[in-house]
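Its first residue numbered 12, the sequence shown is counted upward by one per residue in my numbering.
Idealized CB from N, CA, C, for every residue including glycine.
Here the structure is a predicted model, which means the values were calculated and not measured.
Inspection log for the structure reproduced underneath, given as structure tokens.
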Amino acid sequence: MAKTIQAIRGMNDCLPQVSAAWQRVEGTIRQVVASYGYQEIRTPIVESTELFKRSIGEVTDIVEKEMYTFEDRNGDSLTLRPEGTASCVRAGNEHGLFYNQQQRLWYMGPMFRHERPQKGRYRQFHQFGVEAYGLEGPDIDVEVILLSARLWKAFGMTQHVKLQINSLGSNEARQAYRDALVQFLTLHEEKLDEDSRRRMTTNPLRVLDSKNPQVQAVLEDAPSLLDCLDAESKEHFSKLCERLSQAGIQYEVNPRLVRGLDYYNRTVFEWVTDSLGAQGTVCAGGRYDGLVEQLGGKPSPAVGFALGLERLVLLLETLEEGALELAAAEVYICALGEEAESAALNLAESLRDELPHCKFMLHCGGGNMKKQLKRADKSGATVALILGSDEVANRTVTLKPLRIEQSQQTIAFDSLAATLASLIKAE
Ligand code: HAM
Numbered sequence: 012m013a014k015t016i017q018a019i020r021g022m023n024d025c026l027p028q029v030s031a032a033w034q035r036v037e038g039t040i041r042q043v044v045a046s047y048g049y050q051e052i053r054t055p056i057v058e059s060t061e062l063f064k065r066s067i068g069e070v071t072d073i074v075e076k077e078m079y080t081f082e083d084r085n086g087d088s089l090t091l092r093p094e095g096t097a098s099c100v101r102a103g104n105e106h107g108l109f110y111n112q113q114q115r116l117w118y119m120g121p122m123f124r125h126e127r128p129q130k131g132r133y134r135q136f137h138q139f140g141v142e143a144y145g146l147e148g149p150d151i152d153v154e155v156i157l158l159s160a161r162l163w164k165a166f167g168m169t170q171h172v173k174l175q176i177n178s179l180g181s182n183e184a185r186q187a188y189r190d191a192l193v194q195f196l197t198l199h200e201e202k203l204d205e206d207s208r209r210r211m212t213t214n215p216l217r218v219l220d221s222k223n224p225q226v227q228a229v230l231e232d233a234p235s236l237l238d239c240l241d242a243e244s245k246e247h248f249s250k251l252c253e254r255l256s257q258a259g260i261q262y263e264v265n266p267r268l269v270r271g272l273d274y275y276n277r278t279v280f281e282w283v284t285d286s287l288g289a290q291g292t293v294c295a296g297g298r299y300d301g302l303v304e305q306l307g308g309k310p311s312p313a314v315g316f317a318l319g320l321e322r323l324v325l326l327l328e329t330l331e332e333g334a335l336e337l338a339a340a341e342v343y344i345c346a347l348g349e350e351a352e353s354a355a356l357n358l359a360e361s362l363r364d365e366l367p368h369c370k371f372m373l374h375c376g377g378g379n380m381k382k383q384l385k386r387a388d389k390s391g392a393t394v395a396l397i398l399g400s401d402e403v404a405n406r407t408v409t410l411k412p413l414r415i416e417q418s419q420q421t422i423a424f425d426s427l428a429a430t431l432a433s434l435i436k437a438e
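Encoded structure:
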């Protein structure tokens, strides 16, 4: 037998049993973003490598270790997008979306990072993101956070996610903090692990992110970012906190929240859960006022977030078992004999015209009635419709309930749609 070919490690197939869950999640997300007036943007999955280096930052884990970068046939360096923000800014600049304009955008699609795969962490994963441009906030910061909170509400998981927020201040304030932090870390260098020592020189703020308890203990006495904020950022942050409280959103200020991408300033936030093990950040984002200009556009303030769809689906599965099961066919249509098969095909088509929201599955492949009804049952359908030569001659069908307490009945073609509509609705 020929050797089978497997999917790339960390890249998952979405099989029919789970695609229904994904569709439900995506549908709810589309509804929620529409209710806030955000518009969809779709950008290519491949961009020039330069875009991510210049936006995410040369000394970040993503750019240093995780990008899928390759040369195309022209010798150009291309990268599979590891995130969506840089592409949004690139597209906005290229098509003049930002100049003297406000934009509220959203996107959904696959992203690629060569990380070590584990539960909730994959090499191809999917993000839903929103990005708002041309608004200085903090009202817009609150809006994007409220939008994310509405998603948790829609999925019944408000109790299972917690919001952490922080402010990184202006670039100057962050630089001042960086210096103070490096000074502090240098004094405690012998207690730091190798990774933190390396970060101390390349990207010191990321030391705050260390998962090592010993490093975290050292950081207990480290200077706090919030103490170094410039006056405007302080004001922005306190307004944000005030408005979140007014909106009834609970949050925790985490002065060590710094995020792994370089483009942020001022507000940063993460929604975290305890229910997913190590990969507990379901959604994350913040303000990135400098990026549009940094990528060649006229300055435009910006804020947004991205949500990991795999993590959201995993969380939903752990919270309510079976909640995401495949939506079964509702009506299974069986036919016996050549003539009935052809009548069943037409009947199914006209029923789909009359009841566009109902799911019909037509039996294919023949077989006796026992076999067909077995299939009908396996499909999860609520009722089976049976057509034989008598039914075709009389323009009737036999309706056999499969999952509802009713007796079998004979129904005329003409009243079938109305009967099905009331049965399926009543179920
Ligand atoms: P990020 O924190 O790198 O931010 O990713 C956002 C979310 O994507 C994470 O919180 C997580 O849920 C999900 N995610 C990231 N990497 C993986 C992975 N390997 N496997 C599964 N899920 C993953 C950004 O990407 C920013 N662009 C967010 C943003 C938008 N900031 C402003 N606007």
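- Assignment of alpha helix (DSSP H) within the stretch 145 to 198, counting only whole runs of 4 or more residues, yields 150 to 165 and 182 to 198 in chain order.
- Beta bridge pairing from DSSP links residue 119 with 139.
- 8 Å or more divides the Cβ of residue 141 from the Cβ of residue 320.
- In the DSSP annotation of this structure, residue 102 is not part of any beta strand (DSSP E); the continuous alpha helix (DSSP H) holding it starts and ends at 96 to 105.
- Secondary structure remark: continuous beta strand (DSSP E) runs of at least 3 residues inside the stretch 355 to 381, in chain order: 371 to 373.
- The Cβ-Cβ distance between residue 312 and residue 146 falls below 8 Å.
- For residue 325, the closest alpha carbon among the candidates 47, 137, 18 and 83 is that of 137.
- Going by C-alpha positions, residue 150 is about 37 Å away from residue 89.
- Cβ contact annotation for residue 161 (same chain, cutoff 6 Å, sequence separation greater than five): 43, in chain order.
- If you keep only unbroken alpha helix (DSSP H) runs of at least 4 residues inside the stretch 210 to 278, you get 224 to 230 and 242 to 257.
- Linking residue 222 to residue 414 through their CA atoms gives a straight-line distance of about 51 Å.
- Restricting attention to 404, 350 and 152, the CA atom closest to the CA of residue 115 is found in 152.
- The C-alpha of residue 195 is placed about 49 Å away from the C-alpha of residue 34.
- Scanning its chain for C-beta atoms nearer than 7 Å, with the 5 sequence neighbours on each side dropped, one finds around residue 432 the residues 366, in chain order.
- No heavy atom of the ligand HAM is found nearer than 7 Å to the CB of residue 54.
- Burial is judged here by how many other beta carbons sit within 10 angstroms of a residue's own beta carbon; residue 131 has at least 16 and is buried.
- For residue 383, same chain residues with a beta-carbon under 6 Å away, outside a window of 5 residues either side, are 345 and 374 in chain order.
- If the five residues before and after residue 97 are omitted, its C-beta is found closer than 6 Å to the C-beta atoms of 62, 63 and 66, all from its own chain and listed in chain order.
- Residue 317 has its Cβ nearer than 7 Å to a heavy atom of the ligand HAM.
- By the beta-carbon neighbour count (other beta carbons within 10 angstroms, threshold 16), residue 198 is exposed.
- Taken through DSSP and simplified to helix, strand or coil, residue 129 comes out as strand.
- Under DSSP, the beta-bridge partners assigned to residue 297 are 279 and 315.
- For residue 365, the CB stays at least 7 Å from every heavy atom of the ligand HAM.
- With contacts defined by Cβ atoms closer than 8 Å, residue 395 and residue 371 do not form a contacting pair.
- Rounded to whole angstroms, residue 286 and residue 171 show a C-alpha spacing of 8 Å.
- The nearest non-hydrogen atom of the ligand HAM is less than 7 Å from the C-beta of residue 133.
- In the three-state DSSP reduction, residue 66 falls in the helix class (H, G or I).
- Residue side-chain check: residue 140 places its Cβ nearer than 7 Å to a non-hydrogen atom of the ligand HAM.
- Judged by their CB atoms, residue 213 and residue 74 are not nearer to each other than the 8 Å cut-off.
- In the three-state reduction of the DSSP assignment, residue 286 falls in the coil class, being assigned neither a helical nor a strand state.
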